[in-house]
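Per the working numbering, numbering through the sequence shown is continuous, rising by one, with the last residue being 157. Idealized CB from N, CA, C, for every residue including glycine.
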Amino acid sequence: MAESGDSEALARLAAEACDDRKAVDIRLIRIEDVSSLADWFVICSGLTDVQVRAIARSVEEKLEAEAGRRPLRREGRTEGRWVLLDYGEVIVHVLTPNERSYYDLESFWGHGDQVRYVSPAAENTGRPS
Numbered sequence: 029m030a031e032s033g034d035s036e037a038l039a040r041l042a043a044e045a046c047d048d049r050k051a052v053d054i055r056l057i058r059i060e061d062v063s064s065l066a067d068w069f070v071i072c073s074g075l076t077d078v079q080v081r082a083i084a085r086s087v088e089e090k091l092e093a094e095a096g097r098r099p100l101r102r103e104g105r106t107e108g109r110w111v112l113l114d115y116g117e118v119i120v121h122v123l124t125p126n127e128r129s130y131y132d133l134e135s136f137w138g139h140g141d142q143v144r145y146v147s148p149a150a151e152n153t154g155r156p157s
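So, in structure tokens, the structure goes:
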């Protein structure tokens with residue numbers, strides 16, 4: 029895995045890309061101490077399959093443009109209900125609300141440190157994103 033600070037920066041960049049497409053309830057979960065799968069999960073929701081695909085595309089574009097990174101693996105883009113982008117140390121999950129509720133990744137990975145992403149714009153206005 030990458031150094032912890034590098035992987036956290038990549039996870040935050042992915043969360044920003046999710047926020048750029050108005051993703052709902054963006055969570056970052058640090059799993060490096062509890063799993064060898066990755067250092068971080070970024071989990072968010074898109075309200076429709078079209079939005080889920082747009083969010084995933086935004087993550088891919090931003091991470092390639094700003095970090096020079098492309099996903100090692102992609103899953104679920106065709107269906108658009110749960111798109112997974114695997115960057116090695118960071119895995120991004122973009123789900124519809126029904127899929128997110130059903131699989132409940134936050135509970136499954138509840139032993140990892142969880143952080144709710146707050147966009148810089150919301151921090152400036154004092155409102156959550």
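**Asked** Of the choices Glu-89, Ala-84, Leu-100 and Leu-123, whose alpha-carbon is the least far from that of Ala-66?
**Response** For this step, residue 66 is matched to residue 38 along the sequence shown. Answer by Cα proximity: Leu-100.
**Item:** Pick from Leu-113, Val-120, Trp-137 and Lys-50 that is closest to Gly-74, judged by C-alpha positions
**Value:** Indexing the sequence shown from 1 puts residue 74 at position 46. In this structure, Lys-50 is the residue among Leu-113, Val-120, Trp-137 and Lys-50 with its C-alpha nearest to the C-alpha of Gly-74.
**Message:** Could you tell me the alpha carbon to alpha carbon distance between Thr-124 and Glu-36, rounded to whole angstroms?
**Reply:** Taking the first residue of the sequence shown as 1, we reach residue 124 at position 96. Taking the first residue of the sequence shown as 1, we reach residue 36 at position 8. Their Cα atoms are separated by approximately 24 Å.
**Item:** Beta-carbon proximity check, Val-70 vs Val-118, cutoff 8 Å
**Value:** Numbered from its first residue, the sequence shown carries residue 70 at position 42. Numbered from its first residue, the sequence shown carries residue 118 at position 90. It is a contact, given that the beta carbons lie within the stated cut-off.
**Message:** I need the straight-line Cα distance from Ser-147 to Glu-103, nearest angstrom please.
**Reply:** In the sequence shown, residue 147 corresponds to position 119, counting from 1. In the sequence shown, residue 103 corresponds to position 75, counting from 1. Near 26 Å, if we compare the C-alpha coordinates of Glu-103 and Ser-147.
**Asked** Going by the CB atoms, is the gap between Tyr-145 and Asp-34 shorter than 8 Å?
**Response** By 1-based counting over the sequence shown, the position of residue 34 is 6. By 1-based counting over the sequence shown, the position of residue 145 is 117. In this structure, Tyr-145 does not lie closer than 8 Å to Asp-34 by Cβ.
**Asked** DSSP state of Asp-141, grouped into three classes?
**Response** Position 113 of the sequence shown, counting from 1, holds the residue named residue 141. Asp-141 falls in the strand class under three-state DSSP.
**Asked** Using the C-alpha atoms, what's the distance from Ile-54 back to Thr-76?
**Response** If you number the sequence shown from 1, residue 76 lands on position 48. If you number the sequence shown from 1, residue 54 lands on position 26. If you take the alpha carbons of Thr-76 and Ile-54, they lie about 16 Å apart.
**Message:** The alpha helix (DSSP H) that contains Val-87, what's its start and end?
**Reply:** On the sequence shown, position 59 is the one that residue 87 refers to. Per DSSP, Val-87 belongs to the alpha helix (DSSP H) from 77 to 95.
**Message:** Taking the alpha carbon of Ala-84 as the reference point, which residue from Arg-58, Arg-128, Arg-105 and Asp-132 has its own alpha carbon closest?
**Reply:** Taking the sequence shown and counting its residues from 1, one reaches residue 84 at position 56. Ranked by how close their Cα comes to the Cα of Ala-84, the residues Arg-58, Arg-128, Arg-105 and Asp-132 have Arg-105 in first place.
**Asked** So Val-87 packs on Leu-113, CB below 8 Å; how close in whole Å?
**Response** The residue you call residue 87 lines up with position 59 of the sequence shown. The residue you call residue 113 lines up with position 85 of the sequence shown. Cβ atoms of Val-87 and Leu-113 come within 8 Å of each other, at about 6 Å.
**Burial state of Asp-141, where buried means 16 or more other Cβ atoms lie within 10 Å** = To locate residue 141, count along the sequence shown from 1; it is residue 113. Exposed.
**Request:** Taking the CB atoms as reference points, tell me whether Leu-56 and Ala-45 lie closer together than 8 Å.
**Result:** As a working mapping, residue 56 is identified with position 28 in the sequence shown. As a working mapping, residue 45 is identified with position 17 in the sequence shown. With respect to Ala-45, Leu-56 sits apart: the two C-beta atoms are not nearer than 8 Å.
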